[in-house]
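Here the structure comes first, spelled out in structure tokens, and everything after it is commentary.
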Amino acid sequence: MLALPVVLAMALLASLLAPTADAQDDPPLDGRFQQNGDAGGFLNIMPPGADGVLNTLEILAAQAGQLPEHYNDQTAMYETLVYEGGLPVDGDHGEPLLGVTDGDLERFFKDGSFGADGDVVEIDVSACGDDVIAFRDTAFGVPHIYSSDRTQAQCANGYATAEDRLFLMDLLRHIGYARMSEFLGASEANKAMDRGQLLVAGYDEDDYIAQEAALCDSSDPERRQICADGTAYIEGVNHYVAAVRTNPMLLPGEYPALQILPEDFVLRDILSIASLVGGIFGKGGGNEAANSMFMADLIDQHGDAEGRAIFDDLKAANDPDASLTIQDSFPYNNPTALDETTTALLEPGSFVPAFEGGIGGVGVPGTVQARSGWPTSDTVNLGVVDGPFGPIDLRTPLGMSNAILATADVTDSGVPIAVFGPQTGYYTPQLLVETDIHAPGLDARGTAFAGTNIYVQLGRGGDYAWSATSASGDLVDEWAIELCDPDGGEATIDSTGYVWDGTCAEIPVLTHTQVAKPTAGGIPDPPVVDSIVFTLELGRIPELNDAAIVGRALATDGTPVAIAEQRSTFKDELGSAIGFMRINDPDFMTDGVESFNRAFDGIDFTFNWFYIDGEDIAYRHTCLCPIRQDDTDPDLLTWGGRGHQWTGAFLQPAGQPQDVNPEEGFYANWNNKQAQDFRSQDDTWKHHSTDRREHLAVRMEAAMASGQALTRGDMVNIAEDAGTVDFNPQEIYGLALEIMGTEPPAVLGGDADLASSMRSILQDWVDVGGHRRDLDRDSIYDHAVAVSIGDAWVRPMIEAVLGDEVPLETWPEGVEDHPRGGIGSAYNSGRMRFLQKDFWQVLDMPMREERSRTYCGTGTRADCSEVLWQSLADAIDVLSTTYEGEEEPPCGFPEAYHFGSTTPTEWVYPADCDNIVQGAAGVVAAPSMRWVNRPTFHQVVESGTITGRIAGADRIATSAAASRHAFPDGAETVVLAAAGTFADAVAGTPLAAANDAPLLLTDSGQLSPASEREIVRLGATTAIVLGGTAAITETVVSRLEVIGVSASRVAGDSRYETALAIAEELEVTDRFVLANAGSFADALAAGPFAAADDRAILLTDTDALPDDVADALDGADVVIAGGSAAVSATVAQQVTDSGATVARADGATRYATAAALTARAVEAGASAATAYVVTGEAFPDALSAGAVAARTGGVLVLLQPDSLDNAPAARDLLVDDAERIWFVGGTTPLPSALRQALESLT
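Structure follows, in structure tokens:
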């Protein structure tokens, strides 16, 4: 038998020598853009890229910095929004921020339409049949699949997915089976991963057979369809696997390193991966053992009543002040007849995990998982595992995802808007894979977890979209099962029997054996040559649906107990596929929100689901949430085997929190509490009076309170602004600083002055929003010292406020979910949020319900103030001492903020320490990104709209926004005009077009910050300044030179002569548009026509033609813009008499004149498919629009703000010919009602 490297070498040689097909004879494929009922209005982004497979040669090239085209082509788009998106900042506290508009969203998001607008490359799926076609768009490499045969489409789906994610799928199926060590080698990390997964989804052969039968042999046609779709999908995967085995150019490079070839996939592999996904993202609860140890600690310290009261304060299971997704009441899990004898408390420290040596993926009761020095209860340590080329980091956030949706009545277009998506971590490639699939019963585009993606799980249909956030509903319980000795001896913690209904029985054991060959990913120490055989034995309780025994402990009464963990979705991992199948089906989704709710009746995993179409937004929670007995405590261990089990009923659809078109005008969700009276699950300690949802909600509320009609750009800015906020300065520090006052207490002694300075630095940070961002891109946060102080204050503050009352070492809540983890998601949990309501009580602020006590000091403001000042001084001890740890500090930053200095200016936090790491799930990782708390797969939806708005806070910001829209990739040259007058700018439109340059506006006396920022973004090296020093001063020119831009001036002594100078610069001598120098409307409309028809614009008075202008027009081809009221018959005759050929583009009104000029632009080659609408009543916002229209080949259209009917020709052009319409300017010159009226006609 030939060794694998020899086989690979021979196959590689064969593939290189094989003749290639001549593709030139093949006709180009139709991209089927926006077919299949696509309403339009969908954008998305998912870094790093669609391509997730590298062969050996590509791995070598990647290590030299050369990545395949679509391996990392979405990272820069995603990251750049960190620097440019957000609510506008004036620059008084650092770098200015303009935010983004509708017009430049496609710089940060890709088109999410059905099909492809542009060239495509065929995927050879001929093995799936002759009635299916698949191709990738050349823009981003997303696969698009079309067939009239559903089976063939699913086969192609499997094939395309394997092309993008084969090694990842193989990795995930082995993790799901708890057989990572067989695949990657039996390293300790890999064995720990297997132990952890076995506790989450410990299945034997019979369990898999039963789950397959529950689908394939079901009497339910929907379940049988899932089986059929999955079977076809697996067939497609295996067609690709077969191709890979014979063509090393297709073979992922990880396989040669492991010295294996991929094995065929089977249907149960989908179940395996689904168990992994559901066990991480689709569950909640299961922390009763840790809670019970904590409760025992509290009772030991405070007694029964006070211990319970403190527990309830900290747990906040039903805090009426909690941040809610919807305001209605949906009662669940609130016992009314609690019997304490049903509850088992555990001796702290007595818990022994089921497996020695540690576990991956499951938290240990009574401990807090540590990550990068920052303990948190919200990270599953799914890896780091050992791969063939080093560690594979699969850490995943448990709490994930956010969503903001606005109702139709608060948006600019009159159509709902959504900006939402899942936070599933950052990997190379992503765990999610994007697909666009169309077949009978399937019309959807979006993402799903690779290997389970028989349906789009998060994405869009024809005119609707949906997304999810983790809800963590309480569908997992831990039970205390009394242990016994089956032989009749005394029970111990190691006993092999359990007591059920008074009878002792042997604990059934699942035996899980692996045979693992040593590989580069799993060579033990000392190394061995033979295969490694190891066996895990998992105890299961059959009366609890084979609930796994995750550990053992002693109850406080001395009873040895097993801790068994029961999950309601166990043994039905693909049951939730019914909901996804339905929402992918256009025939099912015919009734909007009603169809959405019926679709998601078929999902058992616990998620918050959000829906949007062209009319409505909706929210729906799903969870196979068990109904518990009314005398049991949902937060603590319940005795199993004593008649206290689940009732057998589950929360029905009508009882799930749900809502349509909220009165508040929006939904905001970031894994917060769902609704009033919907009890928080036992493993959640975060549903207090504040949540990171507030980062979104306060911005939405402020926008609507201002009367602002929301655009897609506004919503993206709100989401991005919230995404760079540090939780503590927004929610906690402002209250703490208010309590403290400005004068430190005498007890601080020599630390008083430094503490006072620290307080001032923090106050400044709080006042400007508390962001962790680096707008000037120098790798130092804009408030880097405040960030260091704030971070260093967290632990001392918690200990000072709570340390005397709460046993912090056993509280099952992490200290802080910090950005330094490298996984993006942050602030989903942590102890700091508890402090907000405590500070409310100190300040006597209004609230719905007070806690049992105030914890800060004695509860008085004076005492609390001293406690907080002292805790801030304690932070000095951290910041001023030197790091003495043995390990190298992460990212060159002093561990735990030890700077070794008492000078605050030296306490500089490097932004790189928070960077998002796109960990390699194979070999080659995509570059890290600047931190932002944002969905991994991010959708922007405004279904069915063809209009958008390009606008800034003023005319200058609008010109910058227009530039970003028209020049997304930069420009070498800019044309700069004064913002205070229109003449130079409108005459400059053809000059901007000729130089492929944007036309930016600036203040006369200084280079406006908005324009400067845009010039820097463009990367421009030259600027053409229009007008003399009275229009734009030399100060502006000097500033241009400072930022590396060489400026030249095109000017005359008057606006007439400046226009002549522009014509000379254009080298236009015989083709002109003549416009009135005092009538901006005609001149605005003339700009795009002049650019399209290779003309220059000259200016005149109504009744007198300047001599120099007359001389220039001698013998020329002249089009007069406007009627005789604008350019009189006398002037027209003068032009004619000079020998010029004269035509007039005019109408009865300025709007009719503009329409006539637009018609001429179309004749000259401009396209009415893209139109830029400006007001005909004022010039400021419209000045740059002409240059944008010229750049994009579109047309400029003038409308009257109060009615479409006053410009019938323009209206008809927009309705009949335009495919994309941009309103340039804010809602004052171009009201939302005008845009909505136009949308109603298109």
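Residue numbering for the sequence shown follows the numbering used here, starting at 39 and increasing by one per position.
C-beta: ideal position from N, C-alpha, C; glycine also.
Keep in mind it's a predicted model, so treat the numbers as computed, not measured.
Taking all protein chains shown into account, decide if E273 is buried (16 or more other Cβ within 10 angstroms of its Cβ) or exposed.
buried
Distance, Cα to Cα, D595 vs E378?
13 angstroms
Taking 7 angstroms as the limit between beta carbons, can you name the residues of its chain near Y935, skipping five residues before and five after?
S826, D829, A830, V916 and L917
Does DSSP put C661 in a helix, a strand or coil?
coil
Hey, how far is the Cα of P664 from the Cα of P580?
18 angstroms
Rounded separation between Y947 and F937 - CA only:
Near 10 angstroms, if we compare the C-alpha coordinates of F937 and Y947.
D1155: first and last residue of the uninterrupted beta strand (DSSP E) it sits in
D1155 to A1159
Inter-residue CB distance, F1292 and Y370 (contact presumed, cutoff 8 angstroms)
A question about residue 1292 goes unanswered here, because the residues of the chain that appear run from 39 up to 1280.
Does the contact criterion of 3 or more C-beta pairs under 8 angstroms hold for the segment 1193-1204 versus the segment 1169-1180?
no
Residue range of the beta strand (DSSP E) that Q297 falls in?
No beta strand (DSSP E) holds Q297; DSSP gives it neither H nor E.
Select from A1256, L1252 and S1241 the residue whose C-alpha is nearest the C-alpha of L1268.
Proximity to L1268 across A1256, L1252 and S1241 peaks at S1241, based on C-alpha coordinates.
Considering Cα atoms alone, identify which of L513, G589, F608 and F572 is closest to T660.
L513
Contact criterion: CB-CB distance below 8 angstroms. Does P85 meet it with respect to chain B?
The displayed structure is made up of one protein chain only, and chain B is not part of it.
Have a look at the DSSP bridge pairing and note the partners of P948.
I818
Alpha carbon of I531 to alpha carbon of N329, nearest angstrom
20 angstroms
Any idea if M883 is buried or exposed, counting beta-carbon neighbours within 10 angstroms, 16 or more meaning buried?
exposed
How should E22 be labelled, buried or exposed, when 16 other C-beta atoms within 10 angstroms of its C-beta is the threshold for buried?
Since the first and last residues shown for the chain are 39 and 1280, residue 22 lies out of range.
For the alpha helix (DSSP H) holding A1085, just list the boundary residues, first then last.
Segment S1084 to V1088 is the beta strand (DSSP E) holding A1085; no alpha helix (DSSP H) there.
Go through its chain and collect everything with a Cβ distance to A1058's Cβ below 7 angstroms, but skip five positions before and after it.
A1009, E1010, T1011, V1012 and V1083
Taking L1029 as the reference, which of Y1094, L1104, P973 and G428 has the closest Cα?
L1104
Three-state secondary structure assigned by DSSP to D474
strand
Please name the residue or residues paired with I430 in a DSSP beta bridge.
V423
Relative to the C-alpha of R1133, which residue among V1147, D1146 and D1108 is closest?
D1108
For S1278, collect the residues of the same chain with a Cβ closer than 7 angstroms to its Cβ; drop the 5 residues on either side in sequence, then sort them by chain order.
Excluding residues up to 5 positions away in sequence, nothing lies with its Cβ nearer than 7 angstroms to the Cβ of S1278 in the same chain.
Quick one: what does DSSP say T848 is sitting in, helix, strand or coil?
coil
Mapping DSSP to helix, strand and coil, what is F178?
coil
Cutoff 6 angstroms; reference V400; Cβ partners in own chain excluding five residues on either side
The predicted position of V400 is uncertain, since its pLDDT is 40 and thus under 50; a value taken from the coordinates is nonetheless stated next. Closer than 6 angstroms at Cβ, skipping near neighbours: G234 and L237.
Curious, which full-length beta strand (DSSP E) runs of at least 3 residues does the segment 681-756 contain?
696-698, 704-707 and 714-716
From what residue to what residue does the beta strand (DSSP E) around G577 run?
I570 to I579
Since I193 is in the alpha helix (DSSP H), which residue starts that stretch and which ends it?
According to the sequence shown, residue 193 is Cys rather than Ile. Run containing C193: R188 to G214, per the alpha helix (DSSP H) assignment.
What is the DSSP secondary structure of D651, counted as helix, strand or coil?
In this structure, D651 counts as coil in the three-state DSSP scheme.
Would you say the segment 483-492 touches the segment 205-216, given that touching needs at least three Cβ pairs under 8 angstroms?
yes
If we require 4 or more residues per run, which alpha helix (DSSP H) segments fall completely within the segment 1166-1213?
1167-1175 and 1188-1201
Beta-carbon proximity of D450 to S1270, cut-off 8 angstroms
yes
Following the continuous alpha helix (DSSP H) through P803, name the residue where it begins and the one where it ends.
It is Trp, not Pro, that sits at residue 803 in the sequence shown. It spans A790 to D805 - the alpha helix (DSSP H) in which W803 sits, taken as one unbroken run.
Measuring straight from C-alpha to C-alpha, what distance separates D515 and G324?
5 angstroms
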